[in-house]
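Residue numbers (the working numbering): 1061 to 1175. Using N, Cα and C, we set each Cβ at its ideal position, and we do this for glycine too.
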């Protein structure tokens, strides 16, 4: 298998991985919407001792969702870094790396600001 074929397979695997991540995030969004509806319809101030307890429970639910989103974001940034490395090594081999980061403007995955 040639190097180009290997890179192509790696990029295809990364794209399938991205698709699966998108499906997971979509499912989490649906789950969050259902949870929101259930919480708004079934949990009221009557179910808690005081307002502080009610606030504590809602913050706990939101923290769980934020942890999932944060984990997915970190995974996306790692994948983006790998793709940048692959694309950067292809540029160097072909001698097209003279004009700076050619693919960085086309595929701004993760970015240097997010690290």
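Cβ-based burial, residue i [other Cβ within 10 Å; buried from 16]
{"i": "residue 1147", "result": "buried"}
Pick from the options that is closest to residue i, judged by C-alpha positions
{"i": "residue 1143", "options": "1078, 1061 and 1062", "result": "1078"}
{"i": "residue 1016", "options": "1087, 1118, 1088 and 1063", "result": "As displayed, the chain neither begins before 1061 nor continues past 1175, which places residue 1016 out of reach and without an answer."}
{"i": "residue 1129", "options": "1085, 1090, 1140 and 1106", "result": "1085"}
Close beta carbons around residue i, own chain, < 7 Å, minus the five adjacent residues each side
{"i": "residue 1093", "result": "none"}
Sequence-distant residues of its chain with Cβ nearer than 6 Å to residue i (five each side left out)
{"i": "residue 1138", "result": "none"}
{"i": "residue 1111", "result": "none"}
{"i": "residue 1108", "result": "1114"}
Close beta carbons around residue i, own chain, < 8 Å, minus the five adjacent residues each side
{"i": "residue 1096", "result": "none"}
Every unbroken alpha helix (DSSP H) within the stretch 1062-1094, with a cutoff of 4 residues, ordered by chain: With a minimum length of 4 residues, no continuous alpha helix (DSSP H) run stays inside the stretch 1062-1094.
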